[in-house]
Structures are given as structure tokens and as C-alpha cells.
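*Asks:* Shown below is the structure under consideration.
Chains as they are written, first to last, in this note's numbering: chain Y, 361 to 784; chain V, 219 to 790.
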């Protein structure tokens with residue numbers, strides 16, 4: 361019997377009767393994982409990624425153990441401001457992925473659906489609602505979300521605000537950049553800051569925010585240099601690590617630890633040899649638990665995931681002299697805000713830039729903004745003559761992904777890539 | 219003609235330019251064309267609009283950034299039909315001065331873009347005059363409006379509609395049943411009456427549009443529930459409408475269920491013509507339930523055929539898998555019953571079951587005083603005197619057989635239901651499964667076929683299981699592939715069957731949780747004959763399941779009881 365699954369079954373059992381015990385079990389599990397990532401290196405995993413592993417687990421564990429210093433967010437929230445108030449960000453997407461890591465996602469998703477939440481809603485949202493409403497995750501001091509990209513955010517956070525009486529701030533982000541839009545968002549950021557000053561009793565320091573943005577700029581510079589090297593080098597990765605990158609590129613961006621990680625990432629890749637296999641650009645979420653995908657991609661020297669678009673949604677330099685306007689611009693000009701054509705063009709140029717042999721788009725259950733555009737992505741890839749595979753499934757709910765279907769499609773796609781090579 | 223989809227659309231701007239504006243409420247046969255341009259899991263309304271645009275010659279469509287599906291619809295339309303006019307208006311979710319400025323800018327961009335497309339020009343004075351004229355007319359109408367006596371009388375039900383966009387068919391259904399509709403808080407239920415400021419025409423128009431009763435995408439949507447308080451003295455219930463793959467409104471539904479002491483019926487449609495028939499049962503059952511609570515049992519005069527003869531009533535339940543009939547005498551004793559497989563035509567099966575049950579009871583059709591039909595095919599039974607939904611009938615039949623039962627699980631061939639009864643046996647709440655085979659008898663039939671055993675063998679075999687196998691897929695099609703893989707792994711049929719039963723039991727428990735787990739429990743429908751499913755359910759519920767010796771006839775029995783009660787009422 362699978363150990364993790366057995367542990368998950370016990371968590372689910374307690375979630376029903378004694379949610380605090382279930383939380384303790386989750387914390388114990390994360391402590392063990394933290395110990396493992398710090399002291400027991402996974403064979404074949406690059407040293408910098410070991411750091412990333414630690415960063416992700418530590419941040420999630422902290423949120424569960426210190427709700428008084430935690431804010432619930434989504435991955436597009438301006439966490440830079442929260443950092444200035446000493447708040448750690450727990451995003452609904454990342455927490456849900458951890459619940460799925462414990463194989464508990466079915467319990468929490470069912471919990472939300474039984475409340476009346478739509479079964480067709482994104483599983484990350486349902487899972488988080490279930491985990492919060494069942495009392496397994498402790499109530500944070502603050503929560504905030506943006507309206508951009510995912511239309512579930514406002515409603516999910518409003519639901520949580522009402523259920524748990526959490527101080528919540530909503531950022532309405534217009535669909536496209538304009539000067540008026542920057543003013544509209546900046547005014548909201550100021551309002552959010554005064555709300556946070558009131559809640560935490562701390563005075564906001566704009567210079568500190570500039571420093572955070574400075575570190576963010578430096579981090580992105582290292583990341584760009586890393587990607588430049590990755591065009592040719594072999595740097596083993598896994599589906600989970602690509603997701604954990606969201607901690608570095610989003611939730612913890614601007615922190616000293618994150619800057620340190622990006623520096624190591626760049627320095628580490630320089631020690632790796634040239635890559636000889638097939639290169640893939642991944643679009644959207646990665647179902648980290650999926651057996652076939654794990655088999656083909658995790659630490660593989662045949663097939664390498666070059667990059668995932670989620671980690672590259674805003675790579676421009678932030679204007680540290682106008683930090684609030686810079687954050688407003690960052691959100692308004694996010695890759696996913698606005699028309700889909702912007703994303704399709706970006707994926708095409710990313711694939712070419714990263715010397716990718718093919719692109720895989722994963723349609724996650726319930727995510728309309730991404731799956732709604734796949735036909736345009738297909739067109740864009742066809743124009744550029746880049747092979748594209750579209751997979752359907754669920755980023756974290758095992759019940760919505762079918763291994764047989766994924767296996768056949770993926771293997772056929774990889775065969776196609778290998779055949780293309782031999783005909784050239 | 220330009221189409222539009224959202225109540226925040228500034229349609230009057232374009233109307234003042236002489237453009238005919240049409241609110242798109244498509245009802246399509248299928249999504250054959252739309253599925254070639256958009257992913258299958260996009261909101262069905264969105265896909266219906268896409269079908270509609272592909273079939274009709276609209277000049278274009280004005281969309282708003284109301285949700286992710288509509289945003290992608292805009293991208294798709296723009297890409298596919300470059301010669302038409304499509305415009306996406308970005309509606310701010312907050313309402314403040316910045317937001318009004320942004321929205322006014324959007325309106326100007328729209329006017330500019332349409333001018334470039336059509337050559338038509340916008341005249342602010344003409345627009346203002348049109349709006350003032352409209353406003354004066356509405357004021358006059360409101361002033362002279364006398365409530366319709368028949369509608370506002372206490373005899374009819376007072377309902378409200380909430381949720382996502384709801385097309386006229388649901389409203390027609392309610393009208394057909396004499397319902398007095400107090401409000402319509404769906405996406406498109408709005409009276410377009412705006413009083414504009416002559417000095418700030420566009421910005422006051424923008425402000426008025428933004429200040430409508432908010433939809434769920436707006437940040438002030440919490441105000442919606444307080445609006446209900448104003449109706450608390452009159453409101454008998456709410457029809458809550460959602461669209462398949464539109465998730466925004468389920469939050470409000472969850473909220474209403476939890477906080478408001480109001481009967482709420484959730485109906486989901488998918489913009490296809492077929493769904494009207496499917497929701498009819500739910501809406502009618504809800505109306506029956508509300509009327510019963512309000513003490514409004516039908517008082518129609520019954521044509522009593524008996525003259526000193528014994529009185530018999532016949533209930534007939536036309537289901538997707540079986541057609542069942544029960545004959546009751548006036549002492550509420552079952553004279554005879556019959557269960558037959560439903561053929562391709564429900565009316566033929568009804569005739570066959572009628573013949574069979576009459577033969578068993580040794581009666582002629584003329585001996586029957588009243589015939590009540592129920593079930594999915596109830597409206598297609600020509601010889602029935604009246605129809606009652608299977609939800610009310612199951613409640614009635616169950617309470618008659620086991621008066622302590624408060625929760626009924628009915629798993630039939632095509633759907634599954636959870637029904638909650640009060641101490642008097644009246645239905646107080648019910649839920650039905652979604653439009654898929656997961657968790658129904660059909661699911662078991664498919665699985666039995668895959669295992670190459672008969673459906674009757676499935677239950678007994680599973681009781682011999684020694685290993686716990688988990689079937690994780692909820693979808694019947696995926697589950698079938700999973701079962702095939704298990705067969706390939708040489709797993710025992712008994713263990714696979716047990717896994718299948720566990721999957722269906724889990725789905726059923728989740729359905730029951732939505733009505734509340736109040737004992738005692740009863741199970742009806744064909745699946746109640748499967749000892750494997752029953753054993754797992756009893757274990758999970760930690761309670762015995764009451765099962766009648768013929769679990770398939772409970773609905774028909776309820777229908778016969780309804781008939782008898784109507785006769786008793788009439789002869790009083």
C-alpha cells in the first residue's frame with residue numbers, strides 16, 4: 361500500500377470529525393518533507409532545485425503554523441506589498457496542490473460541492489474552499505485577490521470572506537493597459553495599503569517596497585540568464601518543480617531568499633552539459649501526480665521541459681522609482697490579461713526562442729480562460745510549424761484525469777517528434 | 219442588427235444611432251459547429267451564442283468582460299469572422315469615480331469603433347432626447363399600473379428567479395402554472411430605465427449602468443441577498459437558475475441554502491432545446507411542494523365515474539428503464555402491480571403495463587376511477603387523468619410504506635434523486651443528479667456489460683469480494699476504461715464489481731448530503747435490488763436502508779395514492 365495514500369486516508373478521516381487533528385497531520389507531513397528536502401537530496405535533482413523544494417514547503421508550512429502572519433492570495437496578487445507588512449502569502453492554487461500531494465483532494469472537493477459549489481468550477485478553487493470550510497486550514501489575518509485572468513477569484517474569496525469573517529481586499533484589474541487603468545489600479549493599491557496599516561498596526565514604507573522591487577528585478581535578470589543557458593544545456597526538472605517555480609516567480613518574488621535561489625539557479629546551470637534530447641515548452645498547469653507524464657519528464661535526459669509559460673507572465677523591469685504604478689502596470693500588462701492572441705504569440709516565440717521541438721498545452725478542468733483559447737493556440741503553432749499536443753485533465757484532482765487517454769496521446773506525440781527528426 | 223449578451227451593455231447608445239439591438243438568448247439543438255472552434259468545457263451559453271452567430275447574419279455582437287468564457291468567445295469571434303463587428307466592453311467591477319471614467323472611455327471607444335465600421339455617427343442630443351422620452355414613458359406606465367387581481371391574489375405562488383441568464387422558457391413554464399413572479403435577478407432581468415444628467419450625459423449613463431442591481435461578477439454583489447429581505451413577507455420560494463459550465467452563480471446558491479430560510483430550487487440548463495423537458499419535472503415538483511406547504515392542494519372537480527361501485531385508482535410510473543403500475547383499492551390495499559421494461563416508445567410500454575396490471579387485478583379499464591401518471595414519460599401517457607412528478611410520488615409512496623422514513627434515495631436507470639420528507643411525509647427538499655450517467659442504473663448496466671455478466675449477477679458477485687479496488691473516475695466513460703484496465707490486470711470480477719458499487723454509493727451519499735442525512739433512510743428504484751450497493755450504502759450511512767419488496771413500484775404506488783386522495787377530497 362502506498363504510504364502517502366494511507367497517510368492521506370487518515371487525514372481525510374480526521375478532517376470529518378476533528379479538523380485540527382487533520383491540520384496537525386498535514387503539518388507533520390510537511391515537517392518531514394522539509395527535513396527530506398534539506399537533508400536528503402533527491403538523486404539527480406540539481407542543487408538549486410533542492411533549495412526551491414525547501415522554499416515551497418517552508419512557505420506552506422509557515423502559513424499553516426502562523427495564520428496570524430499569513431494572507432490568502434492568488435498567484436497574481438501583488439505579494440510585494442504584503443511582504444512590506446511582514447505577511448507570508450498562501451495562494452489557493454499552491455495550497456490545493458499540496459492537498460493533492462497528500463492525496464486528500466477528493467475529500468475537500470466533495471466538501472465544497474456538497475455546499476452547492478459548481479462541480480464544473482476549477483478544482484483548485486473547490487479544494488481550497490473545502491479545506492477552509494471544513495476547518496482544516498486556519499483563518500488568516502487578511503486575504504486579497506485580483507479580478508484578473510481567472511473569473512473564479514472574486515467569488516471564491518467573497519465566499520471565504522463571508523464564511524470565515526476574514527478582512528479581504530479586492531483589486532479590480534481592467535482587461536487592458538491604459539493610463540486611466542493605471543490610475544484606477546494605483547488608487548486601489550493605496551487603499552489596500554491603508555487597509556493593511558489598519559489591520560497590522562504597521563506603518564507602510566515606500567522605500568522598502570522599492571527595495572523589494574529591486575530584488576525582484578535582479579531575480580528576473582538571473583532567471584533570464586538561466587533560460588538563455590537552458591536553451592542548450594541539460595538541467596533536469598520535474599513537473600512538481602515547474603509548479604514550485606510559482607513560489608519563486610510569484611508568491612515569494614522580491615524576497616532575499618528568492619533572489620538567492622535565482623542566483624544559484626543561474627550559477628548551477630553553468631555546470632551542466634549540453635542537452636541531446638527533445639525539448640518541450642509547457643503551457644498552463646502541470647498535473648504533477650500523473651504517472652505517464654512523470655515517467656516521461658521527471659529528471660529525464662530524453663525529454664526536457666524548457667519552460668512553463670506560467671512562470672514567465674511578466675518579465676519586464678519594474679520602475680522602482682514609482683513602485684505602485686509599477687505594480688499596477690505589472691498586473692495590467694500580465695501575459696494573460698487581455699486578448700488570447702497575446703498569449704498565443706508569446707508561446708510561439710517562446711518555443712522558437714527556447715529551441716523547443718514541441719509544445720504541450722494542458723487543459724485543466726474548470727479553467728475557461730486557458731482552454732477557451734486552444735483553437736487559437738493551434739492556429740498560431742500551425743503558422744509557426746511547431747507541433748502542439750493538447751491534453752485534457754485536471755491539475756490536481758486525480759478523478760478528472762485518465763491515464764490511458766493521456767498515455768496514448770503523449771506517446772503518439774513523442775513518436776511524432778522523434779519521426780520528424782529522422783525525416784529531416 | 220447587433221446582438222448583445224449582458225445587462226451592462228450600453229445598448230441605448232447604439233439604438234439612438236438607429237441600430238436594432240437583440241439580446242441573444244439562443245436555444246440550439248447541439249454544439250456541433252461551436253465545438254470545432256471552442257473547447258467542450260466552455261460555458262454552454264457561450265457556445266450557443268457562437269452557434270447562433272454562425273447560423274444568423276448579425277452585423278456583429280457587443281460583448282462584455284463578464285467572465286472568462288465570454289472573453290474567449292470574443293477572441294474566437296474576432297478571429298473567425300473578421301468582417302463582422304465585435305466589441306468587448308471592459309466593465310469595471312467597482313463603482314467609483316475612476317470606474318465611471320474608465321467605463322465612459324469604453325463607451326467612447328465603442329462609438330468610435332462602430333463609426334469606423336458602419337459610417338454611422340453618434341449624436342449626443344439625439345441620444346439624450348431618446349433616453350428622456352423612454353424615462354417619461356416608464357414613469358407614466360408605473361403610475362397607471364394596477365396590479366392584476368388574479369396574479370396578486372394570495373392564491374397563487376409568489377416566486378423569484380435568481381442566478382445566471384435564464385431564457386423565456388422557464389418564465390413561460392412558471393406562467394403556465396399561474397406563478398406570480400416577484401422579481402428576476404438573473405443576468406438579463408433588468409428594466410432599462412435611466413434618468414440622465416443633461417450636463418454629463420455619458421458619464422451619468424455610465425454611472426446608471428454601473429449602479430444597477432449587481433450581477434455576481436461585480437464586487438458589491440453581496441447586496442443582492444439583502445434585496446431578498448424586502449420580499450420576506452410574500453416570497454414562497456426561489457428558482458435558482460445556473461448554466462452548465464458557468465460557475466459564478468453556484469456561490470450565491472450555496473449561500474442561499476446556508477443562510478436563508480427559503481425554499482430554493484436549483485435548475486441548470488445548457489442552452490439546448492432538449493433541456494426544457496428535463497427541467498420541467500424539477501420545476502413542477504417544486505411547485506407541487508410549495509403549493510402543498512401553502513395548503514393549496516388542487517381542488518379541481520373530479521369526474522367521478524363510480525356509482526356505488528368499489529373505487530380503484532391506478533398509478534403508472536413511466537421511467538427510462540422500466541414502466542411500473544400499481545392498482546389500489548379504496549382501503550389503500552395494493553390489488554396488483556406490474557413492472558415491465560420500457561421500450562422505445564413510452565406510450566406503448568404504458569399500454570402494455572396497463573393491460574398486464576389489469577389482468578393481474580382481474581379488472582377492466584372502466585373499473586378504474588382515476589389514473590395518475592408519473593415519471594419521465596408521464597406526459598406521454600394518453601389515458602392518464604392527471605400527472606404528478608415522480609419526486610412527489612416517491613415521497614408519498616415511501617411515507618405510506620414506511621412512515622418513519624425521512625430521506626429517500628432513488629436510483630433509477632436515467633437519474634438519481636435524494637428526497638427529504640418531513641414528519642407528515644411531505645417533500646421538503648430534493649436534489650437530482652446532473653445530466654450524466656454517473657451514479658445511475660445505466661452506469662451499472664454499462665459496467666456489467668464490460669465485465670460480461672448480467673446486471674442481476676453484479677450485486678451477488680460483489681459480495682464475494684476480498685480486495686478493495688478503487689474506481690477513481692466519476693465519469694462513466696472513464697470508469698469503463700478503468701474497469702477494462704483492471705480486467706487486463708487480471709483482477710477478480712468480484713473485486714471490480716465491489717469497486718464499481720463503492721463508486722456509485724459514494725456518489726449517492728454525496729447527493730444525499732445535499733438534502734441532509736436525516737434517518738430513517740429508504741431506497742427505491744431498480745438499483746435497490748442490488749445487494750452489493752445496498753450493503754455499502756448501509757455501511758457508509760451507518761444505518762439500515764428500508765427497501766420495499768418491489769422497490770421499483772414506489773413511484774407508481776405514490777401516484778395511485780395521489781389519485782385516491784383526490785377522489786376522497788372530491789367526494790367530501
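Ideal Cβ placement from N, Cα and C applies to all residues, glycine included.
By DSSP, does residue 688 of chain V sit in helix, in strand, or in coil?
*Replies:* Coil at residue 688 of chain V, not helix or strand.
*Asks:* Which residue's Cα is closest to the Cα of residue 643 of chain V: V:625, V:310 and V:561?
*Replies:* Among V:625, V:310 and V:561, the Cα nearest to that of residue 643 of chain V is on V:625.
*Asks:* In whole angstroms, what is the alpha-carbon distance linking residue 657 of chain V and residue 508 of chain V?
*Replies:* Rounded to whole angstroms, residue 657 of chain V to residue 508 of chain V spans 28 angstroms at the Cα level.
*Asks:* Can you give, in chain order, each stretch of the beta strand (DSSP E) that sits fully within the stretch 510-576 of chain Y and has at least 3 residues?
*Replies:* If we require 3 residues or more, the beta strand (DSSP E) runs fully inside the stretch 510-576 of chain Y come out as 528-531.
*Asks:* Per DSSP, which residues does residue 761 of chain V bridge with? Please list them.
*Replies:* Residue 761 of chain V is not bridged to any residue.
*Asks:* Which one of V:729, V:695 and V:268 has the shortest CA to CA distance from residue 761 of chain Y?
*Replies:* Here the closest residue by C-alpha is V:695.
*Asks:* Can you tell which of Y:765, Y:638, Y:737 and Y:684 has its C-alpha closest to the C-alpha of residue 780 of chain Y?
*Replies:* Nearest of Y:765, Y:638, Y:737 and Y:684 to residue 780 of chain Y, Cα basis: Y:638.
*Asks:* Give the interface partners of residue 696 of chain V over in chain Y, defined as CB-CB distance under 7 angstroms, in chain order.
*Replies:* Near residue 696 of chain V (Cβ distances below 7 angstroms), the residues of chain Y are 762.
*Asks:* Of all the residues that make up the stretch 532-544 of chain Y, which are near chain V by a beta-carbon distance shorter than 8 angstroms?
*Replies:* If the cut-off is 8 angstroms between Cβ atoms, the stretch 532-544 of chain Y has 532, 534, 535, 536, 538, 540, 541, 543 and 544 near chain V.
*Asks:* May I have the straight-line CA-CA distance separating residue 231 of chain V from residue 600 of chain V, to the nearest angstrom?
*Replies:* In a straight line, the C-alpha of residue 231 of chain V is about 52 angstroms away from that of residue 600 of chain V.
*Asks:* CB residue 450 of chain Y to CB residue 423 of chain Y, shorter than 7 angstroms?
*Replies:* Yes. Within cutoff.
*Asks:* At least one CB of chain Y closer than 7 angstroms to the CB of residue 233 of chain V: is that the case?
*Replies:* So, not an interface residue.
*Asks:* Starting from residue 259 of chain V, trace the alpha helix (DSSP H) both ways and give me its first and last residue.
*Replies:* It is not in any alpha helix (DSSP H) - residue 259 of chain V carries neither H nor E in the DSSP assignment.
*Asks:* Check whether the Cβ atoms of residue 559 of chain Y and residue 652 of chain Y lie closer than 7 angstroms to each other.
*Replies:* Contact flag unset, no.
*Asks:* For residue 615 of chain V, collect the residues of the same chain with a Cβ closer than 7 angstroms to its Cβ; drop the 5 residues on either side in sequence, then sort them by chain order.
*Replies:* The answer, listed in chain order, is 772, 773, 775, 776 and 779.
*Asks:* For chain V, is any of its Cβ atoms less than 7 angstroms away from the one on residue 480 of chain Y?
*Replies:* Judged by the 7 angstroms Cβ criterion, residue 480 of chain Y is in contact with chain V.
*Asks:* Give the residues of chain Y in contact with residue 297 of chain V, contact being defined as C-beta atoms less than 7 angstroms apart.
*Replies:* What residue 297 of chain V touches in chain Y: 736.
*Asks:* How far does the alpha helix (DSSP H) with residue 444 of chain Y in it extend, from its first residue to its last?
*Replies:* Start and end: 439-444.
*Asks:* Could you compute how far the alpha carbon of residue 397 of chain Y sits from the alpha carbon of residue 413 of chain Y?
*Replies:* If you take the alpha carbons of residue 397 of chain Y and residue 413 of chain Y, they lie about 6 angstroms apart.
*Asks:* I believe residue 256 of chain V touches residue 282 of chain V by the beta-carbon criterion, under 8 angstroms. Please report the beta-carbon distance rounded to the nearest angstrom.
*Replies:* Residue 256 of chain V to residue 282 of chain V, Cβ: 18 angstroms. No contact.
*Asks:* Give me the Cβ distance between residue 379 of chain V and residue 399 of chain V, rounded to the nearest whole Å; I'm assuming they're in contact under 8 angstroms.
*Replies:* With 8 angstroms as the limit, residue 379 of chain V and residue 399 of chain V qualify as a contact, their Cβ atoms being about 7 angstroms apart.
*Asks:* Buried or exposed for residue 444 of chain V, going by 16 or more other Cβ atoms inside 10 Å?
*Replies:* Exposed, by the Cβ-count rule.
*Asks:* Pull up the DSSP beta-bridge partners for residue 486 of chain V, would you.
*Replies:* Answer is V:460.
*Asks:* So, does the CB of residue 507 of chain Y fall closer than 7 angstroms to a CB anywhere in chain V?
*Replies:* By this cut-off, residue 507 of chain Y is an interface position.
*Asks:* Could you give the DSSP three-state label for residue 639 of chain Y: helix, strand or coil?
*Replies:* Residue state, collapsed to three classes: strand.
*Asks:* Can you pull out the residues from the stretch 242-260 of chain V whose beta carbon lies closer than 9 angstroms to at least one beta carbon of chain Y?
*Replies:* Under the 9 angstroms Cβ criterion, the stretch 242-260 of chain V contributes 254, 255, 256, 257, 258, 259 and 260.
*Asks:* Between which two residues does the alpha helix (DSSP H) harbouring residue 665 of chain V extend?
*Replies:* Segment 659-669, the alpha helix (DSSP H) holding residue 665 of chain V.
*Asks:* Applying the criterion that 16 or more other CB atoms from any shown protein chain within 10 Å of the CB defines a buried residue, is residue 407 of chain Y buried or exposed?
*Replies:* When all chains shown are included, residue 407 of chain Y counts as exposed.
*Asks:* In this structure, does DSSP put residue 350 of chain V in helix, strand or coil?
*Replies:* DSSP places residue 350 of chain V in helix when its eight states are reduced to three.
*Asks:* Output needed for residue 613 of chain V: all residues of its chain with C-beta closer than 6 angstroms, excluding positions within five of it in sequence on either side, in chain order.
*Replies:* For residue 613 of chain V, where only same-chain residues beyond five positions count, the Cβ hits under 6 angstroms are 637, 639 and 645.
*Asks:* Under 7 angstroms between beta-carbons, which chain V residues line up against residue 547 of chain Y? List them in chain order, please.
*Replies:* Neighbours of residue 547 of chain Y on chain V, chain order: 316.
*Asks:* Which chain Y residues sit within Cβ distance under 8 angstroms of residue 487 of chain V?
*Replies:* By Cβ distance, chain Y contributes nothing, its closest Cβ being about 14 angstroms from residue 487 of chain V, past 8 angstroms.
*Asks:* Does any C-beta atom of chain Y lie closer than 7 angstroms to the C-beta of residue 650 of chain V?
*Replies:* Closer than 7 angstroms: no.
*Asks:* Using DSSP's beta-bridge definition, name the partner residues of residue 380 of chain V.
*Replies:* DSSP, once it has assigned bridges, lists V:403 and V:458 as partnering residue 380 of chain V.
*Asks:* Is it the case that the stretch 307-326 of chain V contacts the stretch 728-739 of chain Y, given that we only count it when at least three CB pairs across the two stretches are under 8 angstroms?
*Replies:* Short answer: they don't touch.
*Asks:* For residue 767 of chain Y, decide whether its Cβ has a neighbour in chain V, counting only Cβ atoms nearer than 7 angstroms.
*Replies:* Chain V contact via Cβ: absent.
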